[in-house]
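Residue numbers (my numbering): 1060 to 1131.
This report concerns only the one structure given below.
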Amino acid sequence: MNLMTAFEALRAMPVLEALTAGTVDAAVLSGLGFRDAGAWQKLAGIYFGPTRHRKLQAAARDAAVGLSLDAL
């Protein structure tokens, strides 16, 4: 699945992973009309950022795989 397909499907995890990896920037998303891009940046840090609880973070990612960005 490429990034544009992820945006079209509005699935959260590929978008948040791309934000964390730097593949896409919150400013670029804002420029495309996504008004919640700043909030998505924060979510990316929660789901993919550094943590002391890696297993819990992985479980949260697994639980959120089918959810949309709005649902998160």
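Positions of the beta carbon are idealized from the N, C-alpha and C atoms, including for glycine.
Source: prediction; values computed, not measured.
Item: Tell me whether the beta-carbon of L1075 lies closer than 8 Å to the beta-carbon of A1103.; Value: yes
Item: What is the rounded straight-line gap between the Cα of A1086 and the Cα of F1107?; Value: 19 Å
Item: I'd like to check one pair, L1126 with A1077: are the Cβ atoms closer than 8 Å?; Value: no
Item: Hey, could you find the ends of the alpha helix (DSSP H) F1107 is sitting in?; Value: 1096-1107
Item: If distances are taken between C-alpha atoms only, which option among D1095, A1080, L1091, T1082 comes closest to L1131?; Value: D1095
Item: When DSSP labels each residue in this structure, what does R1070 get in the three-state scheme?; Value: strand
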